[in-house]
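Engineer: Before I ask anything, let me first share the structure, which is written out below as structure tokens.
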Amino acid sequence: MIEETTADKHSSADQATTSGSDAGSQALPRQQRTYSISELAGLFEVTPRTIRFYEQEGLLSPQRQGQKRIYRNKDRVRLKLTLRGKRLGFSLAEIREVVMMYDAMPDGNARQLKRLIEILEEKRADLDRQQEDIRLMRLEMDDVDQKAREALGKLDAVSRKP
């Protein structure tokens, strides 16, 4: 059986956001739909604490009714971008930059797309460096392993002699 990936779950969350937990919000267009912290957490399979953390980091900015947080579609999209960025290895600063560009230009203009491409190229370069470091580390480990086995073989041979 094929397991659903996190990306598939987030795609399902996109589809699920057009329906809400109450009958009134089900009929609302996505742009007007609101979410409680529990609903948003459930859509993306994260904890409310995670959502509060991203709020403290300035990545989400819910409205408030007393103590209750009210999340709009904009917050849903920001959370989706944040989680996708984390999955791709982006730092919070890089995610914040992309999210701020989304806020400034929600339709995604050339500047936003060029910066996203730059960030992706930087991440690819980082991964290439890490991959080379791992390859070299494995070679060194293979060398040490071989020498340790040879030394152990010599010790075993010496200990078997009468």
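Heads up, the sequence shown is in full-length UniProt numbering, so the first residue is 1 and it goes up one at a time.
For every residue, glycine included, the Cβ atom is placed at its ideal position computed from N, Cα and C.
Because the structure is a prediction, the values reported are computed rather than measured.
1) Would you report the Cα separation of residue 24 and residue 126, rounded to the nearest angstrom?
2) Evaluate the contact criterion for the stretch 58–78 versus the stretch 90–97: three or more CB pairs, one atom per stretch, below 8 Å.
3) Under 8 Å, do residue 123 and residue 89 count as touching if we go by C-beta distance?
4) Which of helix, strand or coil does DSSP assign to residue 161?
5) I'd like to know whether the C-beta atoms of residue 82 and residue 54 end up nearer to each other than 8 Å.
6) Is it buried or exposed for residue 158, if we count other Cβ within 10 angstroms and need 16 for buried?
7) What does residue 111 pair with, by DSSP beta-bridge criteria?
8) Do the CB positions of residue 99 and residue 78 come within less than 8 Å of each other?
9) Please state if the CB of residue 70 and the CB of residue 76 are separated by a distance shorter than 8 Å.
10) What does the alpha-carbon distance come out to for the pair residue 134 and residue 48?
11) Please classify residue 41 as buried or exposed, where buried requires at least 16 neighbouring CB atoms within 10 angstroms.
12) Within 10 Å of its beta-carbon, does residue 245 have 16 or more other beta-carbons around it, so buried, or fewer, so exposed?
13) Quick check on residue 85: buried or exposed, where buried means 16 or more other Cβ atoms within 10 Å of its Cβ?
Structural biologist: In terms of the structure at hand:
1) Here residue 24 scores only 43 on pLDDT, less than 50, and its place in the model should not be relied on; the value that follows carries that caveat. Between residue 24 and residue 126, the C-alpha separation is close to 47 Å.
2) yes
3) yes
4) coil
5) yes
6) exposed
7) According to DSSP, which records beta bridges pairwise, residue 111 is partnered with nothing at all.
8) yes
9) no
10) 36 Å
11) buried
12) With the chain running from 1 to 162 in the structure shown, residue 245 is simply not present.
13) buried
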